[in-house]
Every structure is written in C-alpha cells, then in structure tokens.
Amino acid sequence: MDWPKFKRFVFVLFFLVLGKALAQKPEPPIPVEAFFGNEALYFQLVVKKKFTPNSRFNFFTVATYTADYENNREENSIVMPVQVSYDIGKGFGLMAGTDINSISGFSALVGPQFNYASKDWLIVNVASFFLNEDQDFKLFGLYEYKPAFNENLGLYTRLQYVYNQSWKLGTNNQRYLYLRAGLKRKQFIFGLAANLEQSGPFKEKGANYGLFVRWEFR
Numbered sequence: 001m002d003w004p005k006f007k008r009f010v011f012v013l014f015f016l017v018l019g020k021a022l023a024q025k026p027e028p029p030i031p032v033e034a035f036f037g038n039e040a041l042y043f044q045l046v047v048k049k050k051f052t053p054n055s056r057f058n059f060f061t062v063a064t065y066t067a068d069y070e071n072n073r074e075e076n077s078i079v080m081p082v083q084v085s086y087d088i089g090k091g092f093g094l095m096a097g098t099d100i101n102s103i104s105g106f107s108a109l110v111g112p113q114f115n116y117a118s119k120d121w122l123i124v125n126v127a128s129f130f131l132n133e134d135q136d137f138k139l140f141g142l143y144e145y146k147p148a149f150n151e152n153l154g155l156y157t158r159l160q161y162v163y164n165q166s167w168k169l170g171t172n173n174q175r176y177l178y179l180r181a182g183l184k185r186k187q188f189i190f191g192l193a194a195n196l197e198q199s200g201p202f203k204e205k206g207a208n209y210g211l212f213v214r215w216e217f218r
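Be aware that the sequence shown starts at 1, since it is given in UniProt numbering, and climbs by one per residue.
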C-alpha cells in the first residue's frame, strides 16, 4: 500500500464528508463483528447512542481486539476509545473522553465530530486531540453503505480508517484501513474482510484477510 497517498486520501475524505451538513437521522444499531483472518482473529463492537431520545448528549465507542491464533501476547492488541459528545446541530458535535490501547496506553482526549445515519448510510468522523505528553492527534472515520436489494437481502460495504500522529515527536503511531464487503440479511451480515495496518516508530506493517460475520442489535 502507498501510505503517503493513503494519508492524503484520509484527509480529503474526512473533510469532504465533514463539510456536508446533513440532517439528523435515526440512531444506528449496535453491531458486533467477528473477523476470521489468515493471520489473526479480530473482534469489534460499535456503540453510538443518545442518553435519552431527546438528549443532545451521546455515548460512543469502537472497542476492538485482535488476537493471534498462537496466543502470542506481543501480537495481541486492544483499542477502546470511550467518548461522550454534545450535539451542536446538523450532525456536528464536540466530544471528550478517553482512549485506551495496547500501543500508547491511556490518555484523555477532546475534539470535534460529525455523524450521519440513514437507512442506507452510516457516517462517523472524529478528530481527537490527545492530552498526553506526545501530543497525539487522531483521525477516525467509519463509512457504511448498505442498500437493500429487496425486503430481506441487501448489500453491505464498509471503509474504516485511523490515522494517529504525534505532533511533538513528528512520528506516526498508527494507521489502518479496514475494508468489508458482503451481504446483509436483516440483522445478520457476512462477507469478505481485509485489515491493513502500520504502527510504531519502525512502521511495522500487517495485513489480515478472511471472512467476517456480524450481528446488529436493535
């Protein structure tokens, strides 16, 4: 993968989507996903919910866990941001929370966000300013397109990325691109998956390909 081009793509995609002031739509479901790859098992849980139906305050997390099949602890990783946000309007908001991961540990964070949800689309953009010694900055994007073929069956596609940069050190801590393509039958989704990652000061690369299954709790 050409990472410089990917970096430019991430920034362009983030601000193009962020610039579209879309109307608020119904809240998305709570999806649980398991990805059985050729290198590792990957788990992801996404929660984006209002505190009450009419509240401007929201809770958001994308909890992920990657486990090596040989149970090599150095290859296992966990990432769990926990954020509380306030809706300003038109999908825009401000968030504060924490980020917990096996690479850089724990840090408080703040930043803007943009969300949009409809029957066919889910868009989540978050820019996080870390209140840590390395002055990390992270862009997170999650984009789903899931049009229906008929009442029971539809297409499911997802692009998800992270770009994490240390402003103080001038180094990239982590970046990834996750891709999904499959079929959706009501709340059950299955298909092909790819996780492409690069992390650490030595820019260690990893690729995981396989099949995923997902259930959307409503």
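Virtual Cβ for every residue (Gly too), placed ideally from N, Cα, C.
Secondary structure of glutamate 75 (DSSP, three-state): helix. In the assembly as shown, phenylalanine 149 is an exposed residue. Its beta-carbon has fewer than 16 other beta-carbons within 10 Å. Secondary structure note for alanine 181: its beta strand (DSSP E) is the uninterrupted segment 171-185. Beyond the five residues adjoining it in sequence on each side, serine 166 comes within less than 7 Å, by CB distance, of Asp134, Gln135, Asp136, Asn173 in the same chain, given in chain order. Secondary structure at proline 31: strand, using DSSP grouped into helix, strand and coil. Straight-line spacing of the CA atoms in valine 46 and glutamine 160 works out to 12 Å. Counting along the chain, the unbroken beta strand (DSSP E) around leucine 94 starts and ends at 92-101. By the CB criterion at 9 Å, arginine 158 and leucine 177 fall outside the cutoff. Note: glutamine 83 is bridge-paired with Phe60, Gly97 in the DSSP secondary-structure output. Pairwise C-beta distances place the stretch 51-69 in contact with the stretch 78-92, as three or more of them are shorter than 8 Å. Looking at the DSSP output, asparagine 208 bridges to Asn195. About 6 Å separates the CB atoms of asparagine 152 and lysine 186; that is less than 8 Å, so the two are in contact.
Isoleucine 30 is a Cβ neighbour of arginine 218, given a cutoff of 9 Å.
By the neighbour-count criterion, in which a residue is buried when 16 or more other Cβ atoms sit within 10 angstroms of its Cβ, leucine 131 is exposed. About 18 Å separates the beta carbons of asparagine 164 and tyrosine 42, which is beyond the 8 Å limit, so they are not a contact pair. An exposed status is given to alanine 108, since fewer than 16 other beta-carbon atoms sit within 10 Å of its beta-carbon. Under DSSP, serine 166 forms a beta bridge with Asp136, Thr171. Inter-residue distance for alanine 96 and leucine 139 is about 14 Å (C-alpha atoms, whole angstroms). Assignment of asparagine 38 by DSSP, reduced to helix, strand and coil, places it in the coil class. When DSSP states are grouped into helix, strand and coil, serine 128 belongs to the strand group. Rounded to the nearest angstrom, the gap between the Cα atoms of asparagine 54 and alanine 181 is 34 Å. Take the alpha-carbon of lysine 146 and the one of threonine 98: they are about 30 Å apart. A direct Cα-to-Cα measurement between tyrosine 143 and asparagine 115 gives close to 10 Å.
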